[in-house]
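For reference, the structure discussed in these notes is given below.
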Amino acid sequence: MQYTREDIVKKINAEDWDLIIIGGGVTGAGILREAVRRNLKALLVEQRDFAWGASSRSGQLVHGGLRYLQQGDFMLTYQSVREREMLLQEIPGLVKPFGMMMAVYKGSLLQRLIVQAGLLTYDVMSRKFRKHTYSVKEMLQRFPGLREKGLECGLLFYESVTDDARLVLRVLQQAREEGGVTLNYCKVTDLLKDDGRVCGVELEDSVSGEKMQAKAKQVISATGAWADDFRSKVRRKNSKHMRPLRGSHLVFSADRLPVSQSIVITHPVSKRPGFIFPWEGRVITGNTDIDHRQKLTEEAFATSGEVDYLLESVRHHFPDLDITRKDIIATYSGVRPVVGSGKKDPSKESRDHVVWQEDGLLTVTGGKLTTFRLIALDALKAARPALGDLPDLDKKQRVFSPVKPLSAEAAGLGRESLTRLQGRYGARAQDLIKDAQPGELENIPGTETLWAELRWAAKNEMVVHLEDLMRRRTRIAVLLRQGGASYMPAIKEICQPLLGWDDEKWSQEEKQYLQSWQKYNGVKY
Numbered sequence: 020m021q022y023t024r025e026d027i028v029k030k031i032n033a034e035d036w037d038l039i040i041i042g043g044g045v046t047g048a049g050i051l052r053e054a055v056r057r058n059l060k061a062l063l064v065e066q067r068d069f070a071w072g073a074s075s076r077s078g079q080l081v082h083g084g085l086r087y088l089q090q091g092d093f094m095l096t097y098q099s100v101r102e103r104e105m106l107l108q109e110i111p112g113l114v115k116p117f118g119m120m121m122a123v124y125k126g127s128l129l130q131r132l133i134v135q136a137g138l139l140t141y142d143v144m145s146r147k148f149r150k151h152t153y154s155v156k157e158m159l160q161r162f163p164g165l166r167e168k169g170l171e172c173g174l175l176f177y178e179s180v181t182d183d184a185r186l187v188l189r190v191l192q193q194a195r196e197e198g199g200v201t202l203n204y205c206k207v208t209d210l211l212k213d214d215g216r217v218c219g220v221e222l223e224d225s226v227s228g229e230k231m232q233a234k235a236k237q238v239i240s241a242t243g244a245w246a247d248d249f250r251s252k253v254r255r256k257n258s259k260h261m262r263p264l265r266g267s268h269l270v271f272s273a274d275r276l277p278v279s280q281s282i283v284i285t286h287p288v289s290k291r292p293g294f295i296f297p298w299e300g301r302v303i304t305g306n307t308d309i310d311h312r313q314k315l316t317e318e319a320f321a322t323s324g325e326v327d328y329l330l331e332s333v334r335h336h337f338p339d340l341d342i343t344r345k346d347i348i349a350t351y352s353g354v355r356p357v358v359g360s361g362k363k364d365p366s367k368e369s370r371d372h373v374v375w376q377e378d379g380l381l382t383v384t385g386g387k388l389t390t391f392r393l394i395a396l397d398a399l400k401a402a403r404p405a406l407g408d409l410p411d412l413d414k415k416q417r418v419f420s421p422v423k424p425l426s427a428e429a430a431g432l433g434r435e436s437l438t439r440l441q442g443r444y445g446a447r448a449q450d451l452i453k454d455a456q457p458g459e460l461e462n463i464p465g466t467e468t469l470w471a472e473l474r475w476a477a478k479n480e481m482v483v484h485l486e487d488l489m490r491r492r493t494r495i496a497v498l499l500r501q502g503g504a505s506y507m508p509a510i511k512e513i514c515q516p517l518l519g520w521d522d523e524k525w526s527q528e529e530k531q532y533l534q535s536w537q538k539y540n541g542v543k544y
């Protein structure tokens, strides 16, 4: 059922809940989806927008974690491979397979042997055996401009790519279709307690200013890198804490960085692996992995030093392309929720998730985008004392309901475009196509996004601010120069009437968005 924002606020005030989830990233979305499957009355609130944090700023990979395998974390790798394969089958237009090539240069024999052993294990786990070793000639054909000096071969392994923000929205859509309730821009101002134990939350709707209270049998904090903020509101029994790590990325056009296939590159100084791959009509390179020392209340951005670091790696591996700062379309950064263990090198910290139960507040944090379903199930297992018996928590079940394929002829779109839309919007893809006005089933230049997706999001996807539309419902903010400023009149024509904004409101939102883009997505000098 499609609720208006006003309906949801009234419902929060009127209901007693089995479960309240704080946090609208992929972990919170996964918990909501698994909760409603088990007939729990569940509410998810997010103080900003859905997928505002790391869940819209990742490396966009749904991967098995070859690096974790090399570190000896076989279980995490096995779980990731299994979940990746399941998502590939369920939402092929949103999670797509791709090959990732590792360039191997002289002097890295040990690394080559370790990676080859890892690839064999990878194949065994996924039950798919494929060619992995490619000659120098094949590498240069696949990657024009790649540094040839010292190149010995290429090693190919197989991963998957997604649009992380759209994956979160798709999980939330599935949860709402089965009875889940969600509200963005709804801040938890305090935790309610009964005899010292958390029993609910105090809320404030940032749009209307209305204050609410909601009680629940269990409150779960799925706030990622912000987890310690809520843990400070209860008596801590666990001394472990978060170590927020920042990962930054650069976005290029395929004309300037003509990479049609993904490649792993090693930084010439730090020797840390990075990647370059095509995404949504552009090319991404990343990423950094450094301690994020800024306030978590501030949005993360790529520093000038991080831009230099990433450019240095690109220029080292593709010296003939003469890539400079001017070639960067946009930057973006996310703060990873990593549990600190005191390791000197941030990259050596575990990416596994944790679940803590403290005075009735259940905190789940850490983990990988790929394993969100397993993280959700572990959270619900920990909530059993409060929620009672929950069936089939150990049973492998689909995340997404099957969707009947649309007819390419009826929609007037190619099969690839239809698969993409169905992966992103599920059964509602057909309504999106029907709602499209003349010319809106064409791509926005430089992207794979249809104009009709803007119309759909403005009408149906709880857009509160223009940046919700540009950064997360679509990815225009990082796909187009200056965040798509030159297309703003066309975007306004489509979306302003559906959002119900007058000219003054639109002007304020546009100004705020473009200023925000310069600060958080522009290139720092």
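In the working numbering, the protein residues as written are 20 to 544. A virtual CB, placed ideally from N, CA and C, is assigned to each residue, including glycine.
Tell whether a beta-carbon distance below 8 angstroms holds between residue i and residue j.
i: S240; j: L388; result: no
i: R250; j: T382; result: yes
i: R265; j: H311; result: yes
i: S74; j: V187; result: yes
i: S281; j: M119; result: yes
i: A235; j: K543; result: no
i: S352; j: A398; result: no
i: L396; j: L412; result: yes
i: V358; j: G385; result: yes
i: L499; j: T466; result: yes
i: D35; j: L406; result: no
i: H260; j: D247; result: yes
i: A33; j: R491; result: no
i: L106; j: G199; result: no
i: L211; j: Q237; result: no
i: R301; j: I347; result: no
i: C205; j: S225; result: yes
i: T390; j: Q79; result: no
i: S360; j: R291; result: no
Consult DSSP for residue i and reduce its assignment to one of helix, strand or coil.
i: R312; result: coil
i: N479; result: helix
i: I545; result: Nothing in the structure corresponds to residue 545, since the chain is present only between 20 and 544.
i: W520; result: coil
i: A496; result: helix
i: K115; result: strand
i: Q534; result: helix
i: Q376; result: strand
i: E221; result: strand
i: F77; result: Rather than Phe, the amino acid found at residue 77 in this sequence is Ser. If DSSP states are grouped into helix, strand and coil, S77 belongs with coil.
i: S505; result: helix
i: S352; result: strand
i: F69; result: coil
i: T466; result: coil
i: Y544; result: coil
i: E167; result: coil
i: V100; result: helix
i: T152; result: strand
i: V226; result: coil
If you drop the 5 nearest sequence neighbours on each side, which residues of the same chain put their C-beta closer than 8 angstroms to that of residue i?
i: D209; result: V220, E221, K252
i: L469; result: S436, L440, A455, E459, L460, E461, N462, I463
i: G293; result: V283, I284, T285, H286, T304, G305, N306, L329, S332
i: L339; result: Here residue 339 turns out to be Asp, not Leu, going by the sequence shown. Once the five neighbours on either side are set aside, the close Cβ partners of D339 are G164.
i: I342; result: F271, R275, L276, L330, V333, R334
Ends of the alpha helix (DSSP H) at residue i?
i: H335; result: 323 to 336
i: Q449; result: 448 to 454
i: G47; result: 45 to 56
i: L159; result: 155 to 161
Assuming residue i is part of the beta strand (DSSP E), what are its boundary residues?
i: Q237; result: 230 to 240
i: R434; result: Unbroken run through R434 is the alpha helix (DSSP H), 434 to 444; no beta strand (DSSP E).
i: D297; result: Here residue 297 turns out to be Pro, not Asp, going by the sequence shown. 292 to 298 is the span of the beta strand (DSSP E), which, as asked, contains P297.
i: L264; result: 264 to 272
i: R301; result: 301 to 305
i: I41; result: 36 to 41
i: L62; result: 61 to 64
Tell me which same chain residues have a C-beta within less than 6 angstroms of the C-beta of residue i, skipping the five on either side of it?
i: A48; result: V187, V190, L191
i: I495; result: M489, G503
i: I110; result: F419, G442
i: L518; result: A477
Between which residues of its own chain and residue i is the CB-CB distance below 7 angstroms, once the five residues before and five after are set aside?
i: W245; result: L315
i: Y539; result: E318, F320
i: R417; result: E109
i: V497; result: V270, A349, Y351, N540
Give a single yes or no on whether residue i has its beta carbon closer than 7 angstroms to a heavy atom of the ligand ZN.
i: S323; result: For the ligand ZN, the structure offers nothing, since it holds no ligand at all.
Which ranges would you report for the alpha helix (DSSP H) in the segment 180 to 215 if only whole runs of at least 4 residues count? 183 to 196
Could you name each continuous alpha helix (DSSP H) segment of 4 residues or more that falls completely within the segment 392 to 431, going from the start of the chain to the end? 403 to 406, 427 to 430
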